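Scroll down for the structure; my scribbles are underneath it.
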DNA sequence: GTCTATAAATAGATAGAC
DNA sequence: GTCTATCTATTTATAGAC
């Protein structure tokens, strides 16, 4: 029986044996730098120091291996969402914390994060469904539930769609990551150099809004200078 | 003298002559479906019904043509930003209107929008700078100014970074577009099927925030059901 | 030159021994 | 779990006819 059958479409399983781990590591590198199609299982086997057949023992197919790479890439953020949901603190603190950590994860694993985003961008109906179910569903669910619980506790507005808010939370980090090479050269976008500060400010806007009307409700309107915090 | 020298790094110029237009149209198609490197200028010339030399007359280089394609792709959104800045209405209405139009533009020009996002995602320092200056700077500047004016008029909080808010406004539309094939299959993300509604709801969150504390300041808290509006 | 036919190489995947 | 050997389908290169 294939070890990968234990996955149930969920998280990675590479911790089980060293061969699978090294296969996954090499796959991450090759898929990242050469793309899916240009990567051959033969080269992959060679570099990982295992036989081709052994790869197919651990992963049913090339596509399965690719999905495993993406699951691994999202592992930490998924973990963060589980912790955040289980932990204490206000919904605001928890979500803001996730935003910061999610952004950090992507920046700390640049190549594989780009691989995931590339796949999302190029995916049509079929692959989109696969990605949703195998890579993102679990984490997204946790995020949506966290928002929904925040509403139930009276911390968040009850008249917003929790899934939409969750989508919004993910979007800011992703766009920061993927657009930073460009944003760095746009006037006024100095915030791009400080991810933690960015996450904090975005959280401010998401929670408090940016209308002037709400000013009196806000905790502590910081001074106009924006850089050098953290 | 090259016609493209009239660009000054700004908007497109294809309206000037029919040959340039057809070149641009074919380039858009080829670059979209085959990618930058896989597209040959010979094939492009053939399909556009012009000589290769004629292409280089209108566009200095292959790269220049590529940039022109991306400028054209962003033309409508750039135009929208100019109109929005010149027009009347509250800052909130104007920005919400742009978000809706921006999203529509991308969805109505799927292939070329994906091409632009692909380029942004894969761009390193050099190409990032180029994209910023040649494709995005002008529009982004308008958006930032619109936000800043909103602050000056007392409509928006003065303690947020206008460029960061502008960045946020772009990010939501982009992520909706690029992730919709995946989002369609995530539980609760039914909002993905109605772009106008999505833009409106996101604007709500961005302006009013999603904290419960501000509920009394909001115009009209809609009923909990989310679908089937517009 | 252009085309077809065929050879050679390589792709992903499987079988069965150890 | 891991291997060698093998299978089948493409892809790529080459030969030779036209």
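Residue numbers (this note's numbering), protein chains in the order written: chain A, 1 to 230; chain B, 1 to 230.
Cβ atoms here follow ideal geometry from the backbone N, Cα and C, with glycine treated the same way.
Since we're looking at a predicted model, the values are computed, not measured.
- Residue burial annotation: residue 78/A is buried, with at least 16 other C-beta atoms found within 10 angstroms of its C-beta.
- Under the Cβ distance rule, residue 102/B does not count among the residues neighbouring chain A, no pair being separated by less than 8 Å.
- Spatial neighbours of residue 62/B in its own chain (CB-CB distance under 7 Å, excluding positions within 5 residues in sequence) are listed in chain order as 41.
- At least one CB of chain B lies nearer than 8 Å to the CB of residue 162/A.
- Taking C-beta atoms as the reference points, residue 162/B and residue 103/B fail to come closer than 8 Å.
- Identification of chain B residues near residue 201/A by a Cβ-Cβ cut-off of 8 Å yields 160, 161, 164, ordered along the chain.
- Beta-bridge analysis with DSSP links residue 156/A to 211/B.
- Contact with chain A is absent for residue 194/B, since none of that chain's Cβ atoms lies less than 8 Å from the residue's Cβ.
- Listed in chain order, the non-local C-beta contacts of residue 50/B below 8 Å within the same chain comprise 19, 22, 23, local neighbours out to five positions each way being set aside.
- When DSSP states are grouped into helix, strand and coil, residue 109/A belongs to the coil group.
- Judged by DSSP secondary structure, residue 175/B falls within the alpha helix (DSSP H) whose first and last residues are 162-183.
- One thing to note: residue 113/A has its Cβ no nearer than 8 Å to the Cβ of residue 155/A.
- Identification of residues in the region 47-64 of chain B having a C-beta nearer than 8 Å to some C-beta of chain A yields an empty set.
- Of 176/B, 141/B, 71/B, 153/B, the smallest CA-CA separation from residue 189/A is found for 141/B.
- Under the Cβ criterion (8 Å, minimum of three pairs), the region 171-187 of chain B counts as touching the region 171-185 of chain A.
- For residue 94/B, the closest Cβ of chain A is not nearer than 8 Å.
- Shown here, residue 58/B sits in a helix according to DSSP, grouped into three states.
- The beta carbon of residue 76/B sits closer than 7 Å to the beta carbons of 105 from its chain, once the five residues preceding and following it are set aside; these are given in chain order.
- Between residue 44/A and residue 26/A, the beta carbon gap of about 6 Å places them in contact (Cβ cut-off 8 Å).
- The three-state secondary structure of residue 77/A, taken from DSSP, is helix.
- The criterion of a C-beta distance shorter than 8 Å is not satisfied by residue 209/B and residue 128/A.
- For the C-beta of residue 108/A, not a single chain B residue is nearer than 7 Å; the gap to the nearest is close to 18 Å.
- Cβ neighbours of residue 135/A within its own chain (closer than 7 Å, five residues either side excluded): 67, 70, 71, 74.
- When the five nearest sequence neighbours on each side are left out, the beta carbons in the same chain lying within less than 7 Å of the beta carbon of residue 143/B are those of 81, 166, 169, in order along the chain.
- Taking 8 Å as the CB threshold, residue 144/B lines the interface with chain A.
- Taking a 10 Å sphere around the C-beta of residue 35/A, we find fewer than 16 other C-beta atoms and assign the residue as exposed.
- Judged by their CB atoms, residue 133/B and residue 120/A are not nearer to each other than the 8 Å cut-off.
- Per DSSP, the continuous alpha helix (DSSP H) segment holding residue 32/A begins and ends at 18-34.
- For residue 50/B, the three-state secondary structure derived from DSSP is coil.
- For residue 129/B, the enclosing alpha helix (DSSP H) stretches over residues 125-131.
- DSSP, reduced to helix, strand and coil, places residue 39/A outside both helices and strands of the structure shown, so it counts as coil.
- For residue 206/B, the nearest beta carbon of chain A is closer than 8 Å to its own beta carbon.
- In the structure shown, the three-state DSSP call for residue 186/B is coil.
- For the region 173-191 of chain A, the beta-carbon criterion of a distance under 7 Å to any beta-carbon of chain B is satisfied by 174, 175, 178, 179, 181, 182, 183, 184, 185, 186, 187, 188, 189, 191.
- Nearest Cα to residue 115/A within the set 56/A, 30/A, 149/A: 30/A.
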